[in-house]
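S.K.: Pasting a structure below so you can have a look.
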Amino acid sequence: MIAPSLALPLAIALPLIAGTTLAAVAGRSSGRAAAGALAVVTAAALGIVLASAPAVLAGQPVSTTWPWIPGIGLAFSLRLDGLALLFSVLILGIGLLVILYARYYLGPADPPGKFYARLALFMAAMLGIVLSDNLLLLAVFWEITSLASFLLIGYWQHRADAREGARMALAVTGVGGLAMLAGFLLIGETAGSYEISAIVGIADQVRDDPRYPAALILILLGAFTKSAQFPFHFWLPAAMAAPTPVSAYLHSATLVKAGIFLIARLYPILGGTPLFTYVVTTVGLVTFVFGAYVAVFKHDLKGLLAYSTMSHLGLITFLLGLDSPLSNVAAVFHIGNHATFKASLFMAAGIIEHEVGTRDMRRMNGLWKYMPHTGTLAIVAASAMAGVPLLNGFLSKEMFFAEALALRHLGFLGGLASVTVAVGAAFSVAYSTRFVHDVFFNGEPRDLPRPPHEAPRFMKVPVEVLVTVCIAVGLLPGLTVGPLVDLAARAVFGADLPAYSVALWHGFTLPLLLSALAFAGGALLYWALQRQYNLHLHVPSRWSARRIYLAFLAGLTSLGDRTSIGFANGALSRSLALLFGVVVVLLVGSTQLTVGVHTGERPLLPLTALGVVAALVLAVAALGCVIWHRERLVALVFSGVVGLVVSIAFLYFSAPDLAITQLVVEVVTTVLVLMALARLPRSGHEHSSPLRHSRDAILAGLVGVSLGGLALGVMTRPGTTISWYFLENSLPRGGGANVVSVLLTDFRAYDTLGEITVLAITALGVVALLDGVRQPKPDADHLRAPAPLLFAVAARWLLPLAIVVSVYVFLRGHNEPGGGFVAGLITAVALLLRHIAHGVSGGTVPRRFGYTRITASGLLIAGATGVAAWGLGKPFLTSVHAEPVVPLIGALPLASATLFDLGIYLAVVGTTMRMLASLADASGEAGER
Amino acid sequence: MEILVAGAIGLLTACGIYLVLRGSSFPVVLGLMLLSYSVNLFIVAMGRLTVGRPPIVAAGAATYADPLPQALVLTAIVIGLATTVFTIVLALAVSVPPRDEAADRVARPQGDEPSLR
Chain A
1 MIAPSLALPL AIALPLIAGT TLAAVAGRSS GRAAAGALAV VTAAALGIVL
51 ASAPAVLAGQ PVSTTWPWIP GIGLAFSLRL DGLALLFSVL ILGIGLLVIL
101 YARYYLGPAD PPGKFYARLA LFMAAMLGIV LSDNLLLLAV FWEITSLASF
151 LLIGYWQHRA DAREGARMAL AVTGVGGLAM LAGFLLIGET AGSYEISAIV
201 GIADQVRDDP RYPAALILIL LGAFTKSAQF PFHFWLPAAM AAPTPVSAYL
251 HSATLVKAGI FLIARLYPIL GGTPLFTYVV TTVGLVTFVF GAYVAVFKHD
301 LKGLLAYSTM SHLGLITFLL GLDSPLSNVA AVFHIGNHAT FKASLFMAAG
351 IIEHEVGTRD MRRMNGLWKY MPHTGTLAIV AASAMAGVPL LNGFLSKEMF
401 FAEALALRHL GFLGGLASVT VAVGAAFSVA YSTRFVHDVF FNGEPRDLPR
451 PPHEAPRFMK VPVEVLVTVC IAVGLLPGLT VGPLVDLAAR AVFGADLPAY
501 SVALWHGFTL PLLLSALAFA GGALLYWALQ RQYNLHLHVP SRWSARRIYL
551 AFLAGLTSLG DRTSIGFANG ALSRSLALLF GVVVVLLVGS TQLTVGVHTG
601 ERPLLPLTAL GVVAALVLAV AALGCVIWHR ERLVALVFSG VVGLVVSIAF
651 LYFSAPDLAI TQLVVEVVTT VLVLMALARL PRSGHEHSSP LRHSRDAILA
701 GLVGVSLGGL ALGVMTRPGT TISWYFLENS LPRGGGANVV SVLLTDFRAY
751 DTLGEITVLA ITALGVVALL DGVRQPKPDA DHLRAPAPLL FAVAARWLLP
801 LAIVVSVYVF LRGHNEPGGG FVAGLITAVA LLLRHIAHGV SGGTVPRRFG
851 YTRITASGLL IAGATGVAAW GLGKPFLTSV HAEPVVPLIG ALPLASATLF
901 DLGIYLAVVG TTMRMLASLA DASGEAGER
Chain B
1001 MEILVAGAIG LLTACGIYLV LRGSSFPVVL GLMLLSYSVN LFIVAMGRLT
1051 VGRPPIVAAG AATYADPLPQ ALVLTAIVIG LATTVFTIVL ALAVSVPPRD
1101 EAADRVARPQ GDEPSLR
């Protein structure tokens, strides 16, 4: 027996992990194995859910809560109540039948692993939605269903209509999902919690909040897009390009019901207000009538079923919108009924398509004599859809009529609703009649691609099971699903549901009369359309929501194109000029600056002679860079001077770590840039006009003045900083006196981990860019000449010395200026010198030494230090430190941060040397001896 | 002293931007180097200027320079090295097929195979 707290997570994990993996693996050998594996997993999940059912039926919902990200209110909270139980049984039960059906439906060319793995993913996500007791968790599963349905609809990826249908479904339901998430956030902010069962307790507070209307509309957008409500319905017919098992599962029983489920689940929180009632009933009713009307005119078998599904979803939405207890019972009841008869109809349609090779009802007439068995099943299911007595559809439709007729006392709008329902019901009968008559009777088949015959025996078993359920529920509602529906309705409406009875016979009532009228009207309508209008010649209007959607999409794309070309037409300088122009506007526009040009009240540091001289040198060097930027070597020397002055400034302003780093980086940069320059072709004459020069100069001057002014404004004002925390805790908690180093390797180690990863990626980028770029050097014979002897000897002696220095700098880094970054750079400089003296392939620095491997091991060590903290039960990258006394050396400060620093060291060395080796390769030196 | 630093930041920014806006690739690399100097100085300046009190915890010292901007800038310097090299290599890789170093070509590759060797 499974512990109750584990049951629900296990039910989701089974299809999510075991289902997807097993199906994908088994799918490599055969479709039968994949279907079998997934069927076993699904049955197990169903068994787990059913094992929890007695407790739920006894009025005790099963729940589990695991913290996930407490900071944002996200928890892995699952709860199985009546509504969730009803949906779970539908999802897993019909899922099981769909798996069996798909086993016969998929052709030899259809990869089975892909199909069943996606189906398993979808099933798990759907189960997650209905079991979630946390709004954010629900949103997570909701998004997974959108993605999984995209994959399932686009399963036949070679077909353009499948790709378009999949994209459309993803776009529409994805946008709706975002709106829904925004609504959830509003509710969570209002209620102070994201736990659904907790919010239900303070629902009044949520409904009275001024943010309620916005939250309601946003969430309804999510529900309506998912449930294909008008005017977001167009993705559903387009999704009919999916394999029929997918349609039977997603577009009858599960995916589209997720929106319905959302409305039902949040009814206790959002429902009951006039806004809710008006919006939901109106949208539901319009969808109900519109879907039923369009369905009659569809020639495509699955198209008819798609619009009929849309119509029934509208019916359920309408019922959920009504603020009456029994309408909720009717809605919940119809959810189950529609799932059973519609899934069986989709499967029957799939069988017919499978056996005759087309879905066009104008061609397949009179199939009854060829497929009597399938025909019987389809006729029973279609009758349930139309609402014929003795079948389940009749019962819920009768309740629907009763609710709609009750509205007629509510004035004009109520009366209009009653009449609309009657019209819609007649259309429902008409399209059900057409489904039966056009497929199985109405003459002889017309040029079918395949001679019609019955389907394989077991392909019909799922349909038989579903049709049996239709009949059983229709005859004995109280004995079969009565308790479950009751429980689910209580979960929606609350415990105080008035007494009601779901029964076959209520006497001669008004709803019964309406049923009779609908049948008569529907039959008449169909007869008139077929005989007088000649339905088969009907050409659908070119005007459709789908076309509007496509036009909107095309407009959006072209707007995006035009905008991006306006900003970036390919010229780097143009994009940058625009960028800097915006910077100027922002800087000048901000009040910070207009105030900041004047100095603040903070006492200034005294001016020193050294400072003035340094500033002069810097100014000369910077301007020299600009003036002689064509003379590459001269410009590089000037930029080196700037770097030196900057590093002196760092030293002067109490930043020794920065000063050392800047100094060493200056050396490495110069060497690497020089190597690249040897390859970079000389620029020709610059074609820019004097106008452009002055434009650039003015722009540059403006940004410079505003940034300098901003800096002055800030520097002359006192400020608050969070650094006291680091200064106070560096020694006691980080085990190091050098706060900058402890910041890098401890407090903000996560950040540093990211940064050395960026370094490594840059090195890989250099490798990729230079891959294969190698050409003989133009007039660079002097570079081939051996290095001067003195230099070569000095370099040889320098390497070990530099290594010692870098070890020293590395070790003292935690308490004094130094650390992994600087040590790595010093090592790199020594290796660079060695390279210049001997050439990369000169023997002493093996070119294939595996610098990429060094970089990778640096990253791994740094990452492993972080992961090790988990082993101690601490968060990622928490450091530990100790100060063991070692004989001879004395107290040795040891921190796990030192290990992290080692990772930094290796990453820096590896990155620098990898870039060097690539540049050397590109310089054609590899071929030299 | 603050005025000198602010002036240096402004000057380096202006020179860097002017160079970045040139049409060929070497000035762009040079400009990026100057810009990263100025931005690093700017970030350190945001911690206010302090003389002679490096952020190394010592007995008796009461105030220190702000260590946080320094930590940010330290990694920025090293990443600046990597991006500088990357930029110049990018210019190098792009400039191999055509015999000039037009930076404006970076955004629209010509599509023809680079003639290596």
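So the sequence lines, in the order shown, correspond to chains A and B. Going letter by letter, the first sequence gives residues 1 to 929 in this note's numbering. Going letter by letter, the second sequence gives residues 1001 to 1117 in this note's numbering. Think of the CB as a built atom: it goes at the ideal place given N, C-alpha and C, for glycine as much as any other residue.
1. Please confirm whether Y851 (chain A) has its beta-carbon closer than 8 angstroms to some beta-carbon of chain B.
2. Under 8 angstroms, do G343 (chain A) and I94 (chain A) count as touching if we go by C-beta distance?
3. Secondary structure at L78 (chain A), three-state DSSP: helix, strand or coil?
4. Could you check what DSSP says for S418 (chain A) in three-state terms: helix, strand or coil?
5. Have a look at C625 (chain A) and T1013 (chain B) and give me their C-alpha separation to the nearest angstrom.
6. With A635 (chain A) and L1030 (chain B) assumed to form a contact (beta carbons below 8 angstroms), what rounded beta-carbon distance in angstroms separates them?
7. Taking just the CA atoms, how far does I187 (chain A) sit from P210 (chain A)?
8. Distance, Cα to Cα, H373 (chain A) vs L181 (chain A)?
9. Any idea what DSSP makes of S1024 (chain B), helix, strand or coil?
10. Would you kindly work out how many angstroms separate the C-alpha atoms of V667 (chain A) and V642 (chain A), rounded to a whole number?
11. Could you check which residue in A:D901, A:A868, A:M915 and A:S879 has the C-alpha nearest to that of A760 (chain A)?
12. Measuring alpha carbon to alpha carbon, tell me which of A:L270, A:L305 and A:A488 ends up nearest M240 (chain A).
13. Under three-state DSSP, which class holds G820 (chain A)?
14. Could you check what DSSP says for H881 (chain A) in three-state terms: helix, strand or coil?
15. In chain order, what residues of the region 1054-1068 of chain B put their CB closer than 8 angstroms to some CB of chain A?
16. In whole angstroms, give me the CA-to-CA distance for Q1070 (chain B) and L825 (chain A).
17. So what does E195 (chain A) bridge to, in DSSP terms?
18. Is T608 (chain A) buried or exposed, if buried means 16 or more other CB atoms sit within 10 Å of its CB?
19. Please report whether the beta-carbon of Q205 (chain A) lies at a distance below 8 angstroms from any beta-carbon of chain D.
20. From V1057 (chain B) to L658 (chain A), what distance separates their C-alpha atoms?
21. For R632 (chain A), which option in A:D486, A:L672 and A:R682 has the closest C-alpha, if you only look at C-alpha atoms?
22. Leaving out five residues before and five after W870 (chain A) in sequence, what residues of the same chain have Cβ atoms less than 8 angstroms from its Cβ?
23. Compile a chain-ordered list of the residues in the region 704-716 of chain A whose CB is closer than 9 angstroms to at least one CB of chain B.
24. What is the DSSP secondary structure of P70 (chain A), reduced to helix, strand or coil?
25. Under the three-state reduction of DSSP, which class applies to R1099 (chain B): helix, strand or coil?
26. L1041 (chain B) CB to nearest chain A CB: under 8 angstroms?
27. In whole angstroms, give me the CA-to-CA distance for F1086 (chain B) and V766 (chain A).
28. Grab the span of the alpha helix (DSSP H) containing S5 (chain A) for me, first residue to last.
29. For T254 (chain A), name the three-state secondary structure that DSSP assigns.
30. The alpha helix (DSSP H) with T1063 (chain B) in it runs from where to where?
31. Should L326 (chain A) and F400 (chain A) be called a contact, given that it needs their Cβ atoms to be closer than 8 angstroms?
32. Please confirm if L1004 (chain B) has its CB atom under 8 angstroms from at least one CB of chain A.
33. Short check: CB of L727 (chain A) to CB of P1027 (chain B), under 8 angstroms?
34. Beta-carbon separation of V260 (chain A) and L313 (chain A) under 8 angstroms?
35. Reducing DSSP to helix, strand and coil, say where I836 (chain A) ends up.
36. Would you report the Cα separation of F87 (chain A) and N337 (chain A), rounded to the nearest angstrom?
M.R.: According to the structure data:
1. Chain B, which has no Cβ nearer than 8 angstroms to the Cβ of Y851 (chain A), makes this no.
2. Residue identity differs from the one stated: residue 343 (chain A) is Ala in this sequence, not Gly. In this structure, I94 (chain A) lies closer than 8 angstroms to A343 (chain A) by Cβ.
3. DSSP places L78 (chain A) within a strand segment (E or B) once states are collapsed to three.
4. Helix, per DSSP.
5. So the two alpha carbons sit approximately 12 angstroms from each other.
6. In this structure A635 (chain A) is in contact with L1030 (chain B), their Cβ atoms being roughly 6 angstroms apart against a cut-off of 8 angstroms.
7. CA-to-CA, the gap between P210 (chain A) and I187 (chain A) works out to about 11 angstroms.
8. Distance between H373 (chain A) and L181 (chain A), taken at the CA atoms: about 47 angstroms.
9. Of the three classes helix, strand and coil, the one that applies to S1024 (chain B) here is strand, per DSSP.
10. Their Cα atoms are separated by approximately 13 angstroms.
11. Measuring from the Cα of A760 (chain A), the nearest candidate turns out to be A:M915.
12. The candidate whose alpha carbon is nearest that of M240 (chain A) is A:L305.
13. The answer is helix: DSSP assigns G820 (chain A) an H, G or I state.
14. Under the three-state reduction of DSSP output, H881 (chain A) falls in the strand class.
15. Legend: CB atoms of the region 1054-1068 of chain B lying less than 8 angstroms from CB atoms of chain A belong to residues P1054, P1055, I1056, V1057, A1058, Y1064, A1065, D1066, P1067 and L1068.
16. Approximately 18 angstroms between the Cα atoms of the pair.
17. Beta-bridge partners of E195 (chain A) (DSSP): A:N134.
18. Exposed, since its Cβ has fewer than 16 Cβ neighbours within 10 Å.
19. Included in the structure are the protein chains A and B, with no chain D among them.
20. Distance between the alpha carbons of V1057 (chain B) and L658 (chain A) is about 17 angstroms.
21. Per the C-alpha coordinates, the member of A:D486, A:L672 and A:R682 positioned closest to R632 (chain A) is A:R682.
22. Counting only Cβ-Cβ distances below 8 angstroms, and skipping sequence neighbours, we find F876.
23. If the cut-off is 9 angstroms between Cβ atoms, the region 704-716 of chain A has G704, V705, S706, L707, G708, G709, L710, A711, L712, G713, V714, M715 and T716 near chain B.
24. If DSSP states are grouped into helix, strand and coil, P70 (chain A) belongs with the helices.
25. Note on R1099 (chain B): pLDDT 41, under 50, position unreliable in the model; the coordinate value appears next. Note: R1099 (chain B) maps to coil in three-state DSSP.
26. Yes, because at least one Cβ of chain A sits closer than 8 angstroms to the Cβ of L1041 (chain B).
27. Between F1086 (chain B) and V766 (chain A), the C-alpha separation is close to 6 angstroms.
28. Where S5 (chain A) is concerned, the enclosing alpha helix (DSSP H) stretches over P4 to A13.
29. Of the three classes helix, strand and coil, the one that applies to T254 (chain A) here is coil, per DSSP.
30. Looking at the DSSP string, T1063 (chain B) is not in any alpha helix (DSSP H), and its letter there is neither H nor E.
31. Not closer than 8 angstroms, so no.
32. Flagged as an interface residue toward chain A: L1004 (chain B), by a C-beta distance shorter than 8 angstroms.
33. No, Cβ-Cβ distance for L727 (chain A) and P1027 (chain B) is not below 8 angstroms.
34. Checking the sequence shown, residue 260 (chain A) turns out to be Ile, not Val. Against a cut-off of 8 angstroms, the Cβ pair of L313 (chain A) and I260 (chain A) comes out as a contact.
35. Judged by DSSP in its simplified three-state form, I836 (chain A) adopts helix.
36. Annotation: F87 (chain A) to N337 (chain A) spans about 12 angstroms, alpha carbon to alpha carbon.
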